[in-house]
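Everything on this sheet refers to the single structure shown next.
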Amino acid sequence: MRTPNSDMNTGLKKGAWSHEEDQMLISYISRYGIWNWTQMPRFAGLSRTGKSCRLRWMNYLKPNIKRGNFSKEEDGIILHSHSVLGNKWSAIASKLPGRTDNDVKNYWHAHLKKRVNHYNMNSKTTEHNSTNTSLNSFHRDSIEEIKQPVNHIDKFFESCLTSEDDIFSSSSTGASEDQEVIDFRYDYYDTGSPGTVDDLQCFWQQLQTFENLELGNNHLNMFSDEFF
DNA sequence: AAAGCTTTCAACCGCGTGGGT
DNA sequence: AACCCACGCGGTTGAAAGCTT
């Protein structure tokens, strides 16, 4: 959050958005749609850059933005996707309905990176001492966080096998295709019966085989027996 | 209670890309 | 081919909130 201030040269406002500004942007977009981010602020009566308006809309005001804690499923998807794609936050976010690239990026830096780093460090330690079965408190906490029921893995995998859309592709070719993928993912989240962490492990391994993905071993191992 | 430290996350910035001219 | 412009992305910042001492 940044303190509201303004650029003395341009007269444009910077920093945190007020409720009034939010309402102005929402009402303008709901009435006229998004046609040109650069011109829009002027017509909407906002003293903001187009960039700022776009960011505010995309990350906060847009309908269906999901707020609150990330689920275990989302953790797993981010961890896996990051192992495959690296810091391609928008590509990772596209696999998580309602989450923005900024959300995913922040969550990675605040939570998951530590967990992965810790796991990597722990792996190196256990490589040198294979008889060491003790876990420190952080590692144990990480396990308990991940070792929760993971929903609908079978259904998700089945859909992957039958869908012509490559849901692990980072690119999209059009809005209608995007919508299709999103709808499919909502199905994945909203229906079916709970799975287990074993399902998730099995899922990623099957997917790796199926798509011939070259995964980093460390992330895959997060779901292995050794890790638990 | 308060000072200092850490974490969170909204927002900014610079740069790359693609489409139009 | 070269330039311009709009957009999107990833890295970074910094205020607010939360936590610890």
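In numbering that gives the first Met the number 0, the protein residues as written are 0 to 227. Backbone N, C-alpha and C fix where the C-beta goes; we use that ideal spot for every residue, glycine too.
Counting only the Cα atoms, H18 lies some 12 Å from L45. Annotated three-state conformation of K13 is strand, per DSSP. Proximity of the stretch 63-75 to the stretch 26-41 falls short of the contact definition, fewer than three beta-carbon pairs being nearer than 8 Å. The three-state reading of DSSP puts N105 in helix, counting H, G and I together. At the C-beta level, P40 and R47 come within 8 Å of one another. DSSP places K94 outside both helix and strand once states are collapsed to three, so it counts as coil. A contact is defined here as three or more CB-CB pairs under 8 Å, and the stretch 19-29 meets this definition with respect to the stretch 51-62.
Per DSSP, the continuous alpha helix (DSSP H) segment holding I25 begins and ends at H18 to Y31.
Scanning the stretch 34-98 for uninterrupted alpha helix (DSSP H) segments of 4 residues or longer gives 39-43, 49-55, 71-84 and 88-92, listed from N- to C-terminal end. With fewer than 16 neighbouring CB atoms inside 10 Å of its own CB, G85 falls in the exposed class. Rounded to whole angstroms, T99 and E73 show a C-alpha spacing of 12 Å.
With contacts defined by Cβ atoms closer than 8 Å, H79 and W107 do not form a contacting pair. Contact between R55 and W16 holds, since their C-beta atoms are separated by about 5 Å, short of 8 Å.
The beta carbon of G97 lies closer than 7 Å to those of N63, I64 and K65 in the same chain, with the five residues before and after it left out. About 14 Å separates the Cβ atoms of V83 and L95, ruling out a contact at the 8 Å cut-off. Relative to the Cα of D21, the nearest Cα in the group H110, K112, L111 and A43 belongs to A43.
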